[in-house]
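Written out below as structure tokens is the structure these notes cover.
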């Protein structure tokens, strides 16, 4: 990180050792205080640009690295409240050459230092604190063991050049000396300013640089700027109060003109004054105007005449009335347009879905195909709505499933259902040909199946020839994916409204309205076969319930199959496997079946246990809920596969 200038990770709950910082050649400021860092302080050489190192309030041990004695611009080194030991090297301050404005602050309080190696003579501008160390038990270091804390306070005190004027009028102050005059009164602009993250701990060496940059940024002379005071705040941040004076011109200029005040204020408020990176980001706290600036700006802002003000008010009222009339006419026009174009296609449906093999029909085409939805065209009715027989323009017979008012879905759900249905292809599934989403209608168009429903044949209306192929229509496929909860997790179910024809619904879904991948289990609730199989399973006579017509079969496959079926009949959702787990287990059972047993024997067996094939020792039994034989399974990836008939 060759361009990194400052590390400020104060109070971030960091743990572990401090990383090596020798690969940061430009670093000038390191603050990692108030953490839980431990281990040794890195011994590698630091950048010579370092001004501040604060590692206080951690769990560091070991000694002070020798590299800390080779920092020519160091202003502050704080290692307080750690577990450091050994001696404090005096070379830290002996190797520093400090001018009158520079300061070096060393804080080693509350450690386990026992000595100071080298000279005890401190320059006047070096401060060291050792309170709370074993070294303070000796009387030789009393001057370094005071418990007082100087804090961040550092108020600047500048003296004016001479006292040529005893006093100035109210709001006027003695301006800093200029090349043209050493003594005159003027009205300053007062600015509250703050450096939010400076790259130093002692401002005094940087005062002249800061004044130069700030005055150049305002296009003023440096003597027009006075830093009245500055103090360190928590962060650390440096707050200061600035006074900006006008230029002295032959006893005639004592204040800025209005345009100059506006220009300077816009520079501060727009953050248009450039600074060096060492000063960090800045913020404007206040821009105060004293008399006479305050009165001048107040009068200029309120200089509109009563006549002009009345004209503005009347114009605003007239404009509001005119605008309201236009808005009302526009709303009325749009409402009338909707009434006349109720059957116009919604553009979002046309754009939202493009599926090969699925046609987007118009409402007019559907009305023409069903003789305007005549009752004579109705071939069935369910919880979703009525089903009409229709004949398209090309003569194709279709079944049109028209949603009734209570079954209308949101557009996203409807398009989701179409997309899902278009992916399902099987010789025993009714094929989706198209849809209609227009004029407040939602219709699905299927191929027409002419031989009625299974219920019709079971009730004796028709006799079903053996040559007929069974066809299954869709049910319960359109459900939007769940959205994350407030905590960020995904819910295990989708809350829905119960739809569909009663009698085909999972009882638990009907009662809870919660849809999961464990609903619609094969056999449950009120079927005697579940009770009989359970009794046989618990009594270890499970093979007594197997039909003799099955012939020979491997016993381990039957046991696993019945175990899976009983798990699917559990009342609690968490006790039942998901559909993906069921499919994987069925595939595992199929793979366990010997090749010779895959075809059902035509011979009848009187005792179902007589010809049981014993478990093979070479058969590798797989975990019932982990698919080890199929990689990148569609059931795991979430992709809906195309079901191929066996």
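Numbering (this note's numbering), first residue to last: 602 to 1247.
All residues carry an ideal CB built from backbone N, CA and C; glycine is no exception.
Checklist entry - Short check: CB of residue 643 to CB of residue 619, under 8 Å? => result Residue mapping note: residue 643 aligns to position 42 of the chain shown, counting from 1. Residue mapping note: residue 619 aligns to position 18 of the chain shown, counting from 1. Against a cut-off of 8 Å, the Cβ pair of residue 619 and residue 643 comes out as a contact.
Checklist entry - Using a Cβ-Cβ cut-off of 6 Å (strictly less than) and excluding sequence neighbours within five positions of residue 1202, which residues of its own chain qualify? => result Residue numbering aside, residue 1202 sits at position 601 when the chain shown is read from its first letter. Confidence in residue 1202 is poor, its pLDDT being 37 and thus under 50, which makes the residue's placement too unreliable to answer from.
Item to check | Start and end residues, alpha helix (DSSP H) containing residue 867 | outcome: For the purposes of this step, residue 867 is taken as residue 266 along the chain shown, with counting starting at 1. Unbroken alpha helix (DSSP H) run through residue 867: 859-870.
Item to check | DSSP-derived helix/strand/coil call for residue 928 | outcome: Sequence index remark: in the chain shown, residue 928 carries index 327 (1-based). It is helical.
Next on the checklist: Quick check: the stretch 713-721 against the stretch 682-692, are at least 3 beta-carbon pairs closer than 8 Å?
Outcome noted: yes
Checklist entry - From 892, 1045 and 1029, pick the residue whose C-alpha is nearest to that of residue 771; which is it? => result Here residue 771 corresponds to residue number 170 of the chain shown, with the count starting at 1. Measuring from the Cα of residue 771, the nearest candidate turns out to be 892.
Checklist entry - How close, in whole Å, do the beta carbons of residue 987 and residue 1003 come, if the pair is a contact with beta carbons under 8 Å? => result Sequence index remark: in the chain shown, residue 987 carries index 386 (1-based). Sequence index remark: in the chain shown, residue 1003 carries index 402 (1-based). Right, the Cβ-Cβ distance comes to about 6 Å (below 8 Å), so this counts as a contact.
Item to check | Rounded C-alpha distance that separates residue 1020 from residue 920 | outcome: As a first step, residue 1020 must be located in the chain shown, where it is residue number 419. As a first step, residue 920 must be located in the chain shown, where it is residue number 319. C-alpha separation (whole angstroms): 51 Å.
Item to check | Distance between residue 798 and residue 737 (C-alpha atoms, nearest Å) | outcome: Indexing the chain shown from 1 puts residue 737 at position 136. Indexing the chain shown from 1 puts residue 798 at position 197. So the two alpha carbons sit approximately 35 Å from each other.
Item to check | Contact set for residue 746: own chain, Cβ-Cβ below 7 Å, skip 5 residues either direction | outcome: Start at 1 with the first residue of the chain shown, and residue 746 comes out as number 145. So the list reads 731, 732 and 737, once near-sequence residues are dropped.
Next on the checklist: Using the three-state DSSP reduction, which class does residue 671 fall into: helix, strand or coil?
Outcome noted: The count along the chain shown starts at 1 and reaches residue 671 at position 70. Note: residue 671 maps to coil in three-state DSSP.
Next on the checklist: My assumption, with CB atoms under 8 Å, is that residue 650 sits in contact with residue 627. Please give the rounded CB distance.
Outcome noted: To locate residue 650, count along the chain shown from 1; it is residue 49. To locate residue 627, count along the chain shown from 1; it is residue 26. With a Cβ gap of about 6 Å, residue 650 and residue 627 count as contacting.
Item to check | For residue 794 and residue 675, believed in contact at Cβ under 8 Å, the rounded distance | outcome: The residue labelled residue 675 in the question sits at position 74 within the chain shown. The residue labelled residue 794 in the question sits at position 193 within the chain shown. Wrong, their Cβ atoms sit about 26 Å apart, outside the cutoff.
Checklist entry - When the Cβ atoms of the stretch 818-831 are set against those of the stretch 843-862, are three or more pairs found closer than 8 Å? => result yes
Item to check | DSSP bridge partner residues for residue 662 (one or two, in chain order) | outcome: Taking the chain shown and counting its residues from 1, the one referred to as residue 662 is at position 61. Answer by DSSP bridge pairing, in chain order: 684.
Next on the checklist: Does the contact criterion of 3 or more C-beta pairs under 8 Å hold for the stretch 1138-1150 versus the stretch 1169-1182?
Outcome noted: no
Checklist entry - When DSSP labels each residue in this structure, what does residue 982 get in the three-state scheme? => result Mapped onto the chain shown, residue 982 falls at position 381. Note: residue 982 maps to strand in three-state DSSP.
Checklist entry - What number of angstroms, rounded off, separates the C-alpha of residue 1052 from the C-alpha of residue 1036? => result Numbered from 1 along the chain shown, position 451 holds the residue referred to as residue 1052. Numbered from 1 along the chain shown, position 435 holds the residue referred to as residue 1036. Distance between the alpha carbons of residue 1052 and residue 1036: 23 Å.
Checklist entry - Under a three-way DSSP split, which group does residue 740 fall into? => result Numbered from its first residue, the chain shown carries residue 740 at position 139. Three-state result, residue 740: helix.
Checklist entry - From what residue to what residue does the alpha helix (DSSP H) around residue 1017 run? => result Within the chain shown, numbered from 1, the residue matching residue 1017 stands at position 416. Segment 1012-1024, the alpha helix (DSSP H) holding residue 1017.
Checklist entry - Is the Cβ-Cβ distance between residue 616 and residue 638 less than 8 Å? => result For this step, residue 616 is matched to residue 15 along the chain shown. For this step, residue 638 is matched to residue 37 along the chain shown. Cβ distance < 8 Å, so residue 616 and residue 638 count as in contact.
Checklist entry - What is the rounded straight-line gap between the Cα of residue 1043 and the Cα of residue 1033? => result Stepping through the chain shown from its first residue, residue 1043 is reached at position 442. Stepping through the chain shown from its first residue, residue 1033 is reached at position 432. Cα to Cα, the separation comes out at about 14 Å.
Next on the checklist: I'd like the list of long-range same chain contacts for residue 672, defined as Cβ closer than 6 Å, with 5 residues on each side in sequence excluded.
Outcome noted: As a position in the chain shown, residue 672 is number 71, starting the count at 1. Contacts found: 651.
Item to check | Nonlocal neighbours in the same chain, by C-beta distance under 7 Å from residue 823, ignoring five residues either side | outcome: Taking the first residue of the chain shown as position 1, residue 823 is located at position 222. Answer for residue 823: 812, 813 and 816, listed in chain order.
Checklist entry - Less than 8 Å separating the beta-carbons of residue 856 and residue 928? => result In the chain shown, counting from the first residue as 1, residue 856 sits at position 255. In the chain shown, counting from the first residue as 1, residue 928 sits at position 327. Contact flag unset, no.
Checklist entry - How long is the line joining the alpha carbons of residue 1232 and residue 1185, rounded to whole angstroms? => result Position 631 of the chain shown, counted from the start, is the residue given in the question as residue 1232. Position 584 of the chain shown, counted from the start, is the residue given in the question as residue 1185. Here residue 1232 scores only 36 on pLDDT, less than 50, and its place in the model is too uncertain to base an answer on.
Checklist entry - Among 775, 654 and 895, which one has its Cα closest to the Cα of residue 668? => result Against the chain shown, residue 668 aligns to sequence position 67. It is 654 whose Cα lies nearest to the Cα of residue 668.
Item to check | Per DSSP, cross-strand counterpart(s) of residue 841 | outcome: Within the chain shown, residue 841 is the residue found at index 240, counting from 1. Answer by DSSP bridge pairing, in chain order: 794 and 831.
Item to check | Pick from 833, 729, 865 and 858 that is closest to residue 821, judged by C-alpha positions | outcome: On the chain shown, residue 821 is found 220 positions in, with the first residue counted as 1. Among 833, 729, 865 and 858, the Cα nearest to that of residue 821 is on 865.
Checklist entry - Where does residue 1221 sit, in a helix, a strand or coil, going by DSSP? => result Here residue 1221 is taken as the residue at index 620 of the chain shown, counted from 1. Only weak support exists for where residue 1221 lies, its pLDDT of 37 falling under 50; the coordinates are left without a value.
Item to check | Reduced DSSP secondary structure (H/G/I, E/B, other) of residue 657 | outcome: The sequence position of residue 657 within the chain shown is 56, counting from 1. Reduced to three states, the DSSP call for residue 657 is coil.
Checklist entry - What residue range is occupied by the uninterrupted beta strand (DSSP E) comprising residue 746? => result Counting from 1 along the chain shown, the entry for residue 746 is found at position 145. From DSSP, residue 746 is part of no beta strand (DSSP E); its letter is neither H nor E.
Item to check | Residue range of the unbroken alpha helix (DSSP H) whose run includes residue 1161 | outcome: In the chain shown, counting from the first residue as 1, residue 1161 sits at position 560. Where residue 1161 is concerned, the enclosing alpha helix (DSSP H) stretches over 1156-1169.
Item to check | DSSP state of residue 724 mapped onto helix, strand, coil | outcome: Stepping through the chain shown from its first residue, residue 724 is reached at position 123. Coil.
Item to check | Anticipated Cβ contact below 8 Å, residue 796 with residue 838, distance rounded | outcome: One-based indexing of the chain shown puts residue 796 at position 195. One-based indexing of the chain shown puts residue 838 at position 237. The Cβ separation is near 6 Å, so the contact holds.
Checklist entry - What does a CB cutoff of less than 6 Å around residue 707 pick up in its chain, not counting 5 residues either side in sequence? => result As a working mapping, residue 707 is identified with position 106 in the chain shown. Around residue 707: 678 and 729.
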